[in-house]
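> Just dropping this structure here.
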Amino acid sequence: MSYKDRKKAAAERAAARLAEDEGFMREALKEAQAAFDEGEAPVGCVIVREKDGRREMIASAHNTRERDKRASAHAEHDAIDTACRALGGWRLTGCTLYVTLEPCPMCAGLISSARIERVVYGAKDPKAGAYRSVMNMLEYPLFRPKVTGGVLEDECGDMLRRFFSVMRIKDKEKAHHT
Ligand SMILES: [Zn+2]
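In the numbering used here, each residue's number is its place in the sequence shown (first place is 1) plus 121.
Structure below.
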């Protein structure tokens, strides 16, 4: 294969991977929408396992902190619990985690503990992002996943911005009526 052909084949593989990442991010966005509809900050997550060249979704979850009154009820945390139960063990080797918002330090720690191989996130989190926005979990001597950020970034970020603007309006209305 010539250099040019190899370069073309690599570009085609990268394009196919991006299309696949966007497809799974859309599934994570569906979870984020479910959170939005329940009045929870809209963050959604899915976990995909690669086996024998095929990729299948083994877990999905969204943020349920308000409903569950549980500080750890982040989308990634609950998706990881579901995936461990589905695979019958705590090691999620060969799995990719898709999440609409850059993981926080708690979730990034859990992602390393569960040996998740790859993380794909949508919007950056300037307040709590643990993959370079606020701190960089990849600098620590833990198990380090490959991280890809910015997949469907605008859609993921817009949903959060819309949610928080609705919340601000509600807060103002509340203040007005009390
Ligand atoms: Zn988190």
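The C-beta atom is built at its ideal place from N, Cα and C for all residues, glycine as well.
Given the structure, does Cys225 come close to ligand 1, in the sense that its CB is under 7 angstroms from one of the ligand's heavy atoms?
Yes, the beta carbon of Cys225 sits closer than 7 angstroms to at least one heavy atom of ligand 1.
> May I ask you to check if the CB of Glu161 is nearer than 7 angstroms to at least one heavy atom of ligand 1?
no
> For Ser181, list the residues DSSP reports as bridge partners.
In the DSSP assignment, Ser181 forms a beta bridge with Val167.
> Can we say the region 249-267 touches the region 194-211, given the rule of at least three CB pairs closer than 8 angstroms?
no
> Do Leu213 and Ala235 have their C-beta atoms closer together than 8 angstroms?
yes
> Between which two residues does the alpha helix (DSSP H) carrying Lys151 extend?
Lys151 -> alpha helix (DSSP H) spans Tyr124 to Asp158.
> Would you say Val220 and Val164 are within 8 angstroms of each other, going by their C-beta atoms?
The Cβ-Cβ distance between Val220 and Val164 falls below 8 angstroms.
> With distances taken from CA atoms, which of Ala196, Gly215, Thr217 and Ile237 is nearest Cys225?
Ala196
> Which residues in the same chain have their Cβ closer than 8 angstroms to the Cβ of Thr185, if we skip the five residues on either side of it in sequence?
Ala156, Glu159, Glu161, Arg191, Ala194 and Asp199
> Identify the residues that DSSP records as bridge partners of Cys216: which are they?
Arg170
> With respect to the beta strand (DSSP E) encompassing Arg239, which residues constitute its N-terminal and C-terminal limits?
Arg239 to Ala244
> Using DSSP with H/G/I as helix, E/B as strand and the rest coil, what is Lys267?
In the structure shown, Lys267 sits in a strand (DSSP, three-state: E or B).
> With DSSP as the reference, please indicate the residues paired to Arg76 in a beta bridge.
Since the first residue shown for the chain is 122 and the last is 299, residue 76 is missing from the structure and cannot be characterised.
> Looking at the structure shown, is Leu273 part of a helix, part of a strand, or coil, going by DSSP?
It is coil, neither helix nor strand.
> Which one of Ser254, Ile179, Gly210 and Glu187 has the shortest CA to CA distance from Leu218?
Ile179
> Check whether the Cβ of Glu197 sits closer than 7 angstroms to any heavy atom of ligand 1, and report yes or no.
yes
> Ala244 to Ala153, Cα distance in whole Å?
12 angstroms
> What does the alpha-carbon distance come out to for the pair Asn257 and Arg283?
27 angstroms
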